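Undergrad:
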Amino acid sequence: MPLAHYIKVTKTARYFTIGALTETTKEVWFVLHGYAQLAQDFIIDFEVLNDGSRFIVAPEGLNKFYAKGFGGKPAANWMTSESRETEIDDYVNYLNTLYTALNIPSTVKVNVLGFSQGVATSSRFIHFTPHKINAFMIYAGELAAELINPVSEKLKALPITYLTGNNDPFITPEKHKVVFDLMHQLNAKIITFDGGHEIKPEVLLQI
């Protein structure tokens, strides 16, 4: 029977930004994309927040693949069920390394927004990171299952905003109720918009 072995290697990660981190920056936003997306495309919708006071950072998942067959446009994801624990360790370490590298001043507010698969990724990052996080935005996704029962104390301590479309094909009525109950438990601000599984710039302005 084959035995699995693991070895740490160096990997180059990519991220995209809007705005600049300067003396006048008031907020840094880490925005994490969903499954089969690229950060360079995902971050475009956040241009609406670029008013000179915000620095927006979109890390990209470490795993790349062709979303349709064996060619076409590549896409990224944060993890799969294969080697689950090491995948989580890798992206949490990546996000912590990126946070450190940015040299964010202590006076700047740090927000984390996760979309779709990026919500579970964001929730694990917040749970494990030693860095300061001031607010969490959950957009069309769910918290990591292992952080729900019981709910992570670090998540409970944060102001949370939950954003969901009223026509999201990935959220069944049953799942909708479970998620809403959890959001009420977390005293989250809930924003429901007309639309599906998508980032809508005009909705971001409501946060």
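Counting in our numbering, the sequence shown runs from 335 upward without gaps.
Beta carbons: idealized from backbone N, C-alpha and C, even for Gly.
These figures come from a predicted structure and were not determined experimentally.
(1) Pull up the distance between the alpha-carbon of Phe514 and that of Tyr433, whole angstroms please.
(2) For the putative contact between Gly405 and Gly448, defined by C-beta atoms under 8 Å, what is the C-beta separation to the nearest angstrom?
(3) Going by DSSP, what residue range makes up the beta strand (DSSP E) through Pro393?
(4) I believe Phe470 touches Leu489 by the beta-carbon criterion, under 8 Å. Please report the beta-carbon distance rounded to the nearest angstrom.
(5) Counting Cβ pairs closer than 8 Å, one from the region 346 to 355 and one from the region 454 to 468, do we hit at least three?
(6) Among Ile390, Tyr340, Pro408, which has the Cα closest to the Cα of Leu372?
(7) Taking Leu516 as part of the alpha helix (DSSP H), name the residues at either end of that continuous run.
(8) Does the region 337 to 344 come close enough to the region 363 to 382 to have 3 or more Cβ pairs within less than 8 Å?
(9) For Tyr473 and Leu492, which I take to be in contact (beta-carbon distance under 8 Å), what is that distance rounded to the nearest angstrom?
(10) Who are the near neighbours of Gly386 in its chain, counting only those whose CB is closer than 8 Å to its CB and skipping five residues on each side?
(11) Which same chain residues, not among the five before or five after Gly529, have their C-beta less than 6 Å away from its C-beta?
(12) Go to Val444, then tell me how far its beta strand (DSSP E) extends in each direction, as first and last residue.
(13) When you compare only the Cα positions, how much space is there between Asn411 and His531?
(14) Check Thr420 in the structure and name its three-state DSSP category.
(15) Near Asp423, what residues of its chain come up, given a Cβ to Cβ distance below 6 Å and the 5 sequence neighbours on each side ignored?
(16) Report the partner residues of Pro493 according to the DSSP bridge assignment.
(17) Report the rounded CA-to-CA distance for Glu487 versus Val446, giving the unit in angstroms.
TA: Quick answer:
(1) Approximately 30 Å, taken between the alpha carbons.
(2) Not a contact, Cβ separation roughly 29 Å.
(3) Per DSSP, Pro393 belongs to the beta strand (DSSP E) from 388 to 393.
(4) Between Leu489 and Phe470 the Cβ distance is about 7 Å, and since that is below 8 Å, they are a contact.
(5) With a cut-off of 8 Å, the region 454 to 468 and the region 346 to 355 do not count as touching, because too few Cβ pairs lie within range.
(6) Per the Cα distances, Pro408.
(7) That run of the alpha helix (DSSP H) goes 507 to 519.
(8) Touching, no.
(9) Not confirmed; about 15 Å, so no contact.
(10) Hits under 8 Å: Gly353, Thr358.
(11) For Gly529, where only same-chain residues beyond five positions count, the Cβ hits under 6 Å are Gly499.
(12) In the DSSP assignment, Val444 falls within the beta strand (DSSP E) that extends over 443 to 449.
(13) Straight-line Cα distance between these residues: approximately 16 Å.
(14) Here Thr420 sits in helix by DSSP.
(15) Nothing meets the Cβ criterion.
(16) Looking at the DSSP output, Pro493 bridges to nothing.
(17) So the two alpha carbons sit approximately 16 Å from each other.
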